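>
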Amino acid sequence: MNDARASTHVLVIGGGFSGVAAAAALHAGGHDVTLLERHAVLGGRARSDSRSDRAVDTGAQLIASTFTRATRLLARAPLEPTLARDVFVRDGSRLPLQFGSIASMLRFGGLGVTEKLKLGTTLLPLLARHSAKLRVDTADDLEALDRSSARAFVADAVSERAADVLVEPPLNAFYGARGIETSLAFFLTLGRYGSDAELLASRAGWSAALAEAARGVRVECNANADVIEITPAGVVARAGPDREWRADALVIATGASAARALLGGVVGASHPLITWLASVTTRPTWTVMLTLDHATDADTFGVLADPAEAAMVSACALPAGRWREPSELANVVLAWPTPNAVDALGDRSATEIVAAMMPEIERLVPEAQGAVARARVYRFDEGTPVAAPGFIAHRARGLALEETLAVPVALAGDYLTMPLVEGAVASGEEAAARLVRRLRV
Ligand SMILES: Cc1cc2nc3c(=O)[nH]c(=O)nc-3n(C[C@H](O)[C@H](O)[C@H](O)COP(=O)(O)OP(=O)(O)OC[C@H]3O[C@@H](n4cnc5c(N)ncnc54)[C@H](O)[C@@H]3O)c2cc1C
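In case it helps, our numbering puts the sequence shown at residues 1366 to 1806.
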C-alpha cells in the first residue's frame, strides 16, 4: 500500500485483530501509526492472560492454516500446528472428533451410516460447489445460503442429531449463538476454512503474537478513547479529561456499539451509518478459566458437550492439550456457556456464573472435581456479532454507508466481515485501504 502522503499520522482505536491488522497495513504503507487499546494487552476477544508465567488465550483459541490474511499478519510470531484432538461427550462417553476435518467427521462414531451418506450427498457437495465464494470478505452473492439457518438446513438434509454434533458446538461455545439463529452461509464458511486445514496456535499467546505484528506501530494500552473530534487539522481522540491524541486520520476498530458512540459524536446520531451500527446484533459471551490444584494428563483439547444434554456448559478446553509435550498449563481448564446460560446468567456475578457452570464442567472434565484452586470469568465487553440469516446483505448495507463518510475515518471489526480472526484481519486491512483512498481524494 504505497502512498505519496507517507508522513500521514493515523490513529487506530481498538487493539484486537482488526485494529492490529489495520495498523500493520498502514505502517507497511509508510504511515505513522498510533494504536490505542483500552485493555492492558492487545487481543480483544483473542487476548491472553498468564498462568505460571505461561500465556493462556482467554477467547479465540485456534486459527486455521487456510486463514491466509491472519497467517501473513502473524508471520513474525511463530505459529505451530496443534494436535487438534477433540471429543464429543454423549452419555458420559467420549467420542473422538476433530472439528472441521471432513475425514474425521466421516469416521465419527456418533453418527450412523445413513447420516454419513446423507452428509456426503447434501452438505459436502454444497461446501464444494461454493468453496471459492465462502470467504470472510466475500463480495459474491451468497444470498440463498445466507437466507437459510444452519441448523434448519442440516436437520432437514441429514438429521437433528447431525445438527447437534456438527452445527451447535462451535456456534454455542464461541458465539453463545444457536444454530437456528445462524446463517448457513456463515456455517459453511467455517467448514470451508476448517476443511482439512491445520489448526494453529501461538505458544506465546495471541496478545504477544499481535504485539509482534504491531512492531513499528506506537501502541498505547490502558487507553480508553471516549470522545473523537474532527478539526480542520485532522482528528482528535480523548480518553478522560487529561489524555488526547491528534492525527490526520482515524480507524475505529472497536465493536459496533463503541464505534457508534465514538462516530455518533462526529456525524450525528441520525446519520444512516449510526442507525446501521445500532442494528448490528451481538450476543454476550464469556470464558471461565479454572486453575486446578493438580495437573490433568490432558491428551485432548476440546471437550464438547452434546447440546441435547447440556444446560449450562457447551464446551471445555484443556489448553495444554494443544501441544504434544507436557506443559505448565496442564492445570488450566477453560469453559464456555450454552446459549441458554448466556440468556440466564449474562447479568450475574462471576461467582454465580462459576457456581452455575461448575457441575457440568466437572462432568465434562472429571479431573476438575473438588480441585479448583482459582476461578476467573473473562467477559468480552461488547459481546460477539451474530452472523444471523441475512447478515451478508446487512453488512453490505453498512459497508456502502461507510463508503459515504465525508470525514477521514474508516471502520474495522469482524461485524463488517465475519466473526472469525480471519474476518477481523480482513476488515482491518480493508479499512486501511479505504482510508488511504479517502486521504488521496
Ligand atoms: C470465546 C471466543 C472464542 C473464539 N474462538 C475463535 C477461534 O478459535 N478462532 C477464530 O478464528 N475466531 C474465534 N473467535 C472470534 C474472534 O475472537 C473474533 O472474530 C476476533 O478476535 C474479533 O476481532 P476484532 O478486532 O474485530 O474485535 P475485538 O477483538 O473485540 O477488538 C476490539 C478491541 O477494541 C478495544 N476497544 C473497544 N472500545 C475501545 C475504546 N473506546 N478505546 C480503546 N479501545 C477500545 C477492545 O478492548 C478490543 O480490544 C472467538 C470469539 C470468542 C468470543
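Using N, Cα and C, we set each Cβ at its ideal position, and we do this for glycine too.
Given the structure is predicted, the values throughout are model-derived calculations rather than measurements.
Taking P1534 as part of the alpha helix (DSSP H), name the residues at either end of that continuous run.
The residue labelled residue 1534 in the question sits at position 169 within the sequence shown. Counting along the chain, the alpha helix (DSSP H) containing P1534 begins and ends at E1533 to Y1540.
> Helix, strand or coil: how does DSSP classify S1567 here?
Here residue 1567 corresponds to residue number 202 of the sequence shown, with the count starting at 1. It is coil, neither helix nor strand.
> For A1440, is the classification buried or exposed, using 16 other Cβ atoms within 10 angstroms of its Cβ as the cut-off for buried?
In the sequence shown, residue 1440 corresponds to position 75, counting from 1. Exposed, since its Cβ has fewer than 16 Cβ neighbours within 10 Å.
> Give every residue of the same chain whose Cβ lies closer than 8 Å to the Cβ of E1609, excluding the five residues on either side of it in the sequence, and list them in chain order.
The residue you call residue 1609 lines up with position 244 of the sequence shown. If we look at E1609 and ignore the five residues flanking it on each side, its Cβ neighbours are V1601, A1602 and R1603.
> What number of angstroms, rounded off, separates the C-alpha of V1806 from the C-alpha of A1765?
Here residue 1806 refers to the residue found at position 441 of the sequence shown. Here residue 1765 refers to the residue found at position 400 of the sequence shown. Distance between the alpha carbons of V1806 and A1765 is about 18 Å.
> By a C-beta neighbour count over all protein chains shown, 10 Å radius and 16 as the cutoff for buried, is E1525 buried or exposed?
In the sequence shown, residue 1525 corresponds to position 160, counting from 1. Exposed is the call here.
> Considering M1677, what are the terminal residues of the alpha helix (DSSP H) in which it resides?
Working through the sequence shown from its first residue, we reach residue 1677 at position 312. M1677 -> no alpha helix (DSSP H), and no H or E assigned at all.
> Tell me the residue span of the beta strand (DSSP E) that contains D1708.
Numbered from 1 along the sequence shown, position 343 holds the residue referred to as residue 1708. Segment P1704 to L1710 is the alpha helix (DSSP H) holding D1708; no beta strand (DSSP E) there.
> Taking 6 Å as the cut-off, is the C-beta of Q1463 nearer than that to any heavy atom in ligand 1?
Along the sequence shown, read from residue 1 onward, the residue named residue 1463 stands at position 98. No, Cβ of Q1463 sits at least 6 Å from all heavy atoms of ligand 1.
> Figure out for me which residue from G1581, R1760, S1548 and A1566 has the closest Cα to the Cα of T1399.
As a position in the sequence shown, residue 1399 is number 34, starting the count at 1. Residue G1581 is the option with its Cα nearest to T1399.
> Measure the C-alpha to C-alpha separation of Y1558 and R1803 and round it to an integer number of angstroms.
Reading the sequence shown from its first residue, position 193 is the one you call residue 1558. Reading the sequence shown from its first residue, position 438 is the one you call residue 1803. If I take the Cα positions, the gap works out to 32 Å.
> If you draw a straight line from the alpha carbon of A1798 to that of A1706, how long is it in whole angstroms?
Looking up residue 1798 in the sequence shown gives position 433. Looking up residue 1706 in the sequence shown gives position 341. Taking the straight line joining both Cα atoms gives about 40 Å.
> In terms of alpha-carbon separation, which member of R1625, T1647 and R1648 lies closest to P1637?
On the sequence shown, position 272 is the one that residue 1637 refers to. Per the Cα distances, R1625.
> Beta-carbon separation of L1615 and L1376 under 7 Å?
Residue mapping note: residue 1615 aligns to position 250 of the sequence shown, counting from 1. Residue mapping note: residue 1376 aligns to position 11 of the sequence shown, counting from 1. Against a cut-off of 7 Å, the Cβ pair of L1376 and L1615 comes out as a contact.
> Between the region 1391-1410 and the region 1427-1434, do three or more beta carbon pairs fall short of 8 Å?
Result no; under three Cβ-Cβ pairs closer than 8 Å.
> How is W1610 classed by DSSP in three states: helix, strand or coil?
By one-based count along the sequence shown, residue 1610 stands at place 245. It is a strand residue.
> Does DSSP classify P1451 as helix, strand or coil?
Counting from 1 along the sequence shown, the entry for residue 1451 is found at position 86. At residue 1451 the sequence reads Asp, which differs from the Pro that was named. Looking at D1451 - three-state DSSP - the assignment turns out to be strand.
> Closest by CA to E1445, which one among T1646, A1574, G1424 and A1522?
The residue labelled residue 1445 in the question sits at position 80 within the sequence shown. The candidate whose alpha carbon is nearest that of E1445 is A1574.
> Would you identify the three-state DSSP class for D1521, choosing helix, strand or coil?
Against the sequence shown, residue 1521 aligns to sequence position 156. Looking at D1521 - three-state DSSP - the assignment turns out to be helix.
> Who pairs with R1744 in a beta bridge, going by DSSP?
Position 379 of the sequence shown, counting from 1, holds the residue named residue 1744. W1651, per the DSSP bridge assignment.
> Would you check if the region 1649-1660 and the region 1711-1727 touch, i.e. whether three or more CB-CB distances between them fall below 8 Å?
Yes, the region 1711-1727 is in contact with the region 1649-1660.
> With a 10 Å radius around its C-beta and 16 neighbouring C-beta atoms as the bar for buried, classify R1689 as buried or exposed.
Within the sequence shown, residue 1689 is the residue found at index 324, counting from 1. R1689 should be labelled exposed.
> For L1537, count neighbouring Cβ atoms within 10 angstroms of its own Cβ and tell me buried if that reaches 16, exposed if not.
Walking along the sequence shown from the start, residue 1537 turns up at place 172. One point to set straight first is that residue 1537 is Asn, not Leu, in the sequence displayed. It is buried - the Cβ of N1537 has at least 16 other Cβ atoms within 10 Å.
> For A1369, does the count of other Cβ atoms within 10 angstroms reach 16, so buried, or fall short, so exposed?
Residue mapping note: residue 1369 aligns to position 4 of the sequence shown, counting from 1. Annotation note: pLDDT 44 at A1369 (below 50); position unreliable, no value reported.
> Taking only heavy atoms of ligand 1 into account, decide whether any of them is closer than 6 Å to the Cβ of D1779.
Position 414 of the sequence shown holds residue 1779. Yes, since a heavy atom of ligand 1 falls inside the 6 Å radius drawn around the Cβ of D1779.
> Taking the Cβ atom as the reference point for each residue, do V1532 and G1541 lie within a distance shorter than 7 Å?
For the purposes of this step, residue 1532 is taken as the residue at position 167 of the sequence shown. For the purposes of this step, residue 1541 is taken as the residue at position 176 of the sequence shown. It is not a contact, given that the beta carbons lie outside the stated cut-off.
> So, does the CB of D1746 fall closer than 7 Å to a CB anywhere in chain C?
No chain C is part of this structure, which consists of one protein chain only.
> Buried or exposed: L1484, going by 16 or more other Cβ atoms within 10 Å of its Cβ?
Residue 1484 sits at position 119 when you count from the first residue of the sequence shown. By the neighbour-count rule (16 or more Cβ atoms within 10 Å), L1484 is buried.
> Smallest Cα separation from L1657: which of I1617, E1732 and R1410?
On the sequence shown, position 292 is the one that residue 1657 refers to. It is E1732 whose Cα lies nearest to the Cα of L1657.
> With a cut-off of 8 Å, do at least 3 Cβ pairs link the region 1630-1644 to the region 1758-1773?
Yes, the region 1630-1644 touches the region 1758-1773.
> Grab me the residues of G1633's own chain with a C-beta within less than 8 Å of its C-beta, minus the 5 sequence neighbours each way, in chain order.
For this step, residue 1633 is matched to residue 268 along the sequence shown. Within the same chain, G1633 has close Cβ partners I1639.
> Measure the C-alpha to C-alpha separation of A1566 and A1522 and round it to an integer number of angstroms.
As a working note, residue 1566 is residue 201 in the sequence shown. As a working note, residue 1522 is residue 157 in the sequence shown. Straight-line Cα distance between these residues: approximately 34 Å.
> Alpha carbon to alpha carbon, how far is I1593 from A1775?
Here the question's residue 1593 lines up with position 228 in the sequence shown. Here the question's residue 1775 lines up with position 410 in the sequence shown. Computed Cα separation, rounded: 13 Å.
> Per DSSP, what kind of secondary structure is W1701 in: helix, strand or coil?
The count along the sequence shown starts at 1 and reaches residue 1701 at position 336. Three-state result, W1701: strand.
> If contacts are defined as beta-carbon pairs under 8 Å, then R1434 and V1801 qualify, I think. What distance do you get, rounded to the angstrom?
Within the sequence shown, the letter at position 69 stands for residue 1434. Within the sequence shown, the letter at position 436 stands for residue 1801. Not a contact, Cβ separation roughly 17 Å.
> List the endpoints of the continuous alpha helix (DSSP H) containing R1500.
The residue given as residue 1500 occupies position 135 in the sequence shown. Looking at the DSSP string, R1500 is not in any alpha helix (DSSP H), and its letter there is neither H nor E.
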